[in-house]
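Engineer: Protein sequences appear in the order of chains A and B.
If you count by the working numbering, then the first sequence holds residues 135 to 508, one letter each, in order.
If you count by the working numbering, then the second sequence holds residues 167 to 453, one letter each, in order.
What follows is a single structure, and I will ask about it in a moment.
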Amino acid sequence: MIEVKNLVKRYGDFEAVRGVSFTVQKGMIYGFLGPNGAGKSTTMNIITGTLAATEGEVTVNGCDIYEDPIGAKSAIGYLPEQPPLYPDMTPEEYLAFVGEARGLRGDELWRAIDRVVEKTGLGEYANRLIKNLSKGYRQRVGIAQAILTDPEIIILDEPTVGLDPRQIIEIRELIRQLGRDHTVILSSHILTEISAVCDYVIIIARGKIVASDTLENLTKQYEGKNYIDLTVRGEEASVRRAVESIPGVEEISVDPKPLGLLHVRIATDSSADIREDVFFRFADAKMPILSMEYEEVTLEKVFLELTGEKADSQPAVEPPVNAPQAEETGEVPAEEETPAPEPEAIPAEEPAPAKQQKAKKSGDDDDYTPLFGG
Amino acid sequence: MSAVYKKELRTHLNGMTGAIVVAFLLLMVGIYTIVYNLRGMYPSFETTVSAASFLYVLAIPVLTMRSVAEEKHTKTDQLLYSLPMSMTQIVLAKYFAMVTILAIPCGVICFYPLILGSFGNVRYTTAYAMILAFFLLGAALIAIGMFLSSLTESQVIAAVVCLAVLLLLNFMSGLATLIPASAPASLAGFLILALLAAVIVRIMTKNTTVAVSVGVILAAAMVLVYAIDASLYENAVPRLLSATALFERLNPFAQGLFDVTALVCYLSTAALFVFLTVQSMEKKRWN
């Protein structure tokens with residue numbers, strides 16, 4: 135469906151994308167995962183023909199994006215990072231414009247609009263001006279625009295940013311539905327989102343693909359082991375003897391530390407929790423455990439490790455086309471993104487601070503005067 | 167293409183810019199007509215329209231300022247880039263939408279000679295030839311305004327720069343007479359232009375070697391031509407400047423002449439700046 139070969143994008147001296155290659159098969163949901171500024175948006179912009187690559191090749195359905203851009207673009211529905219909406223139009227007018235521009239006419243157009251309005255739950259908002267819609271509903275209009283012509287490939291750049299938790303669940307469900315008969319590529323820096331929706335994950339960091347596999351394989355490959363780190367006082371040989379026979383242990387490494395201590399790292403398969411066994415074995419062998427740390431390898435850890443600073447030292451700066459999030463930390467906590475509350479919800483919450491203020495006011499006269507009675 | 171055209175037309179009409187431009191042009195041309203033809207009893211409608219062409223300096227920037235700049239500002243250009251259409255189609259659709267807005271007041275103005283005809287003799291052919299030239303001048307200026315709008319993300323900058331450029335074009339023939347006409351002065355003028363060309367090449371390619379060589383080659387060619395035949399440079403810069411005086415080209419029409427070269431000049435200016443707008447949009451993808 136999509137073949138990307140050796141994509142390179144330079145902004146002046148800065149390389150935002152450095153030799154990215156991958157193939158996208160029909161009927162799967164692909165997740166593009168990476169920290170801010172990793173080159174996700176740039177890659178997606180290049181696939182959709184919005185940006186031109188410095189080097190490399192993109193073929194969509196056999197059409198080269200440079201040789202036959204119209205053929206390639208008509209197979210793709212695209213939601214950019216910032217939904218490209220005209221604030222002075224209503225969603226319905228806007229969708230009519232996009233549909234016509236993509237070649238839908240008459241009945242076909244209105245049927246398509248009705249379908250996407252229903253799918254994205256725009257319903258009663260379809261006839262309000264886009265500038266009066268909340269961020270979440272604008273995002274929905276953006277998604278509606280991308281799926282309007284029922285394209286074979288749907289590319290969504292961070293589709294759930296700015297949505298409230300309920301909307302996120304709805305949109306994920308929608309994406310899952312779309313994945314049944316479309317090829318979907320979505321990008322996110324939120325791991326849970328990718329693992330909740332995608333079949334195949336492409337992890338990208340500093341403009342390079344660092345891992346690319348199905349979700350199960352990735353999990354299997356990296357999640358296979360748990361680790362226990364111990365600091366013990368004792369002899370290396372007796373430590374090994376004590377641990378080796380515990381079922382589930384796969385690997386032991388022992389480093390001597392100062393003051394006659396040993397640092398022991400035990401790798402086990404993910405199903406086994408051997409902490410209690412370890413405790414009793416060492417107790418029997420009269421080797422005191424000074425510290426024990428248990429480390430579970432999750433996909434999140436894998437992600438952090440793959441995209442972390444140690445992988446490469448070049449600082450990644452968000453390219454100028456993208457949104458102004460220039461922070462590049464290498465660590466991206468999965469739940470960092472707390473969705474903003476919907477503007478409509480605010481008026482309902484307003485009385486609370488007011489009440490508090492009132493309460494505070496009456497209490498101000500004398501801190502010890504009880505509010506009731508007295 | 168028709169979808170973008172319809173959307174643009176609706177944006178202009180809903181977003182007031184179109185309505186303001188139409189209302190402004192009609193109001194002002196109406197005032198000119200009353201002052202020149204009805205009050206002043208002047209029989210030539212051509213002169214009225216020729217004088218009214220100055221209004222474009224104010225009207226065109228308002229019409230064109232948001233055409234591309236606003237798309238860039240709100241990032242809706244990303245949608246345009248991802249549509250299965252060529253950039254030429256999109257730019258042409260935008261251009262024709264603005265020309266359509268301009269056609270509204272021009273269409274209404276077509277009734278004025280008829281109205282004047284009921285008070286006396288009006289030379290209809292020359293009057294309508296003038297309105298045609300007036301319309302095409304506007305079309306050429308819209309292309310310039312659209313190009314300037316495609317260079318920036320800010321409507322305000324687009325409007326101000328467009329206003330300055332149109333004002334300059336309007337005064338160009340006057341300015342041209344201020345510039346010394348001697349051959350050495352013209353050579354100096356052309357050398358400055360060569361330097362400017364080199365600077366533009368440097369900005370666009372970010373390649374100093376290419377820019378310097380372009381500048382040096384241009385300068386050398388000019389000096390060479392000067393050495394061979396200095397008389398070629400007599401009056402060259404003033405002539406070049408007056409060639410860009412688009413407003414001045416209405417003068418023959420005001421005298422009752424049908425000047426085809428002026429119409430060709432307007433059409434080719436429009437084509438050139440539509441082309442440049444397409445290039446400017448394409449360039450953004452390659453940044």
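The beta-carbon is built from N, C-alpha and C at its ideal position, and this holds for glycine as well.
Here the structure is a predicted model, which means the values were calculated and not measured.
(1) May I ask which residues mark the beginning and end of the alpha helix (DSSP H) holding B:Thr291?
(2) Consider the Cβ of A:Lys160: report whether some Cβ of chain B lies at a distance smaller than 8 angstroms.
(3) At the 8 angstroms Cβ level, is A:Leu141 part of the contact set with chain B, yes or no?
(4) Taking only beta carbons into account, state which residues of the stretch 175–202 of chain A come closer than 7 angstroms to chain C, listed in chain order.
(5) How do the stretch 349–365 of chain A and the stretch 412–431 of chain A stand: do at least 3 beta-carbon pairs fall below 8 angstroms, yes or no?
(6) Express the C-alpha separation of A:Lys253 and A:Asn266 in angstroms, rounding to a whole number.
(7) Could you list the residues in the stretch 266–300 of chain B with a C-beta less than 9 angstroms from some C-beta on chain A, going in chain order?
(8) Is A:Glu292 buried or exposed, if buried means 16 or more other CB atoms sit within 10 Å of its CB?
(9) 8 angstroms is my cut-off, CB to CB: does B:Arg120 come that close to chain A?
(10) Closest to A:Asn261 by C-alpha separation, out of A:Gly394, A:Ser387, A:Thr224, would be which residue?
(11) Any idea if A:Gln355 is buried or exposed, counting beta-carbon neighbours within 10 angstroms, 16 or more meaning buried?
(12) Could you give the DSSP three-state label for A:Met426: helix, strand or coil?
(13) Return the chain-ordered list of same chain residues with a C-beta closer than 7 angstroms to the C-beta of A:Phe437, the five sequence neighbours on each side being excluded.
(14) How many Å lie between A:Arg374 and A:Met421 at the Cα?
(15) When DSSP labels each residue in this structure, what does A:Arg367 get in the three-state scheme?
(16) In angstroms, rounded to a whole number, what distance separates the CA positions of B:Pro404 and B:Ala386?
(17) If B:Ser216 sits next to B:Lys260, beta carbons under 8 angstroms apart, how far is it from one beta carbon to the other, in whole angstroms?
(18) Could you list which residues in chain B have their beta carbon closer than 9 angstroms to that of A:Leu521, in chain order?
(19) Kindly say whether B:Met251, judged by its beta-carbon, lies nearer than 8 angstroms to any beta-carbon of chain A.
(20) Since B:Val170 meets chain A, which of its residues come closer than 9 angstroms, beta carbon to beta carbon?
(21) Between A:His323 and A:Asn170, is the Cβ-Cβ spacing less than 8 angstroms?
(22) Give the range of the beta strand (DSSP E) segment to which A:Gly397 is assigned.
(23) Is it buried or exposed for B:Met370, if we count other Cβ within 10 angstroms and need 16 for buried?
(24) Counting along the chain, where does the beta strand (DSSP E) carrying A:Glu234 start and finish?
(25) Does DSSP classify A:Lys489 as helix, strand or coil?
(26) Enumerate in chain order the residues of its own chain whose CB-to-CB distance from A:Ser425 is below 6 angstroms, with the five nearest sequence positions on each side excluded.
(27) Got a sec? Which residues, its chain only, sit under 7 angstroms from B:Phe183 by beta carbon, not counting five neighbours each side?
(28) From which residue to which residue does the alpha helix (DSSP H) around A:Val388 run?
(29) Which first and last residues belong to the beta strand (DSSP E) in which A:Gly183 is found?
(30) Taking Cβ positions only, does A:Leu282 come closer than 8 angstroms to chain B?
(31) Does A:Ala150 come out as helix, strand or coil in the three-state DSSP assignment?
(32) Quick check: what's the CA-CA separation for B:Thr443 versus B:Met264?
(33) Does B:Asn336 come within less than 8 angstroms of chain A when only Cβ atoms are used?
(34) Suppose the cutoff is 6 angstroms on Cβ atoms and the five residues either side in sequence are ignored; what does the same chain contact list for A:Glu461 look like?
(35) By the criterion of Cβ-Cβ separation under 7 angstroms, what are the contact partners of A:Pro218 in chain B?
(36) For A:Gly196, count the other beta carbons within 10 Å of its own beta carbon; 16 or more makes it buried, fewer makes it exposed. Which is it?
Structural biologist: This is what the structure gives:
(1) 290–316
(2) no
(3) no
(4) No chain C appears in the structure shown, which is made up of the protein chains A and B.
(5) yes
(6) 21 angstroms
(7) none
(8) buried
(9) Residue 120 of chain B lies beyond the range of chain B shown here (167 to 453); nothing can be said about it.
(10) A:Thr224
(11) exposed
(12) strand
(13) Leu167, Leu325, Ile337
(14) 12 angstroms
(15) strand
(16) 22 angstroms
(17) Actually they are not in contact, since the Cβ atoms of B:Ser216 and B:Lys260 sit about 29 angstroms apart, beyond 8 angstroms.
(18) Shown here, chain A extends from 135 to 508; a query on residue 521 of chain A therefore has no answer.
(19) yes
(20) Phe231, Glu234, Ala235
(21) yes
(22) Rather than Gly, the amino acid found at residue 397 of chain A in this sequence is His. Start and end: 395–403.
(23) exposed
(24) Segment 225–235 is the alpha helix (DSSP H) holding A:Glu234; no beta strand (DSSP E) there.
(25) Low local confidence applies: a pLDDT of 43 at A:Lys489 is under 50, so the model's placement there is unreliable, with the coordinate-based value given in what follows. A:Lys489 falls in the helix class under three-state DSSP.
(26) Thr365
(27) What sits at residue 183 of chain B in the sequence shown is Thr, not Phe. Only Val228, Leu229, Arg232 meet the Cβ criterion.
(28) Per DSSP, A:Val388 belongs to no alpha helix (DSSP H); it is in the beta strand (DSSP E), 383–391.
(29) Run containing A:Gly183: none; DSSP gives neither H nor E here.
(30) no
(31) strand
(32) 14 angstroms
(33) no
(34) Note that A:Glu461 has pLDDT 40, beneath the 50 cutoff, so the model's placement of it is unreliable and no number is given.
(35) Lys241, Thr242, Gln244, Leu245
(36) exposed
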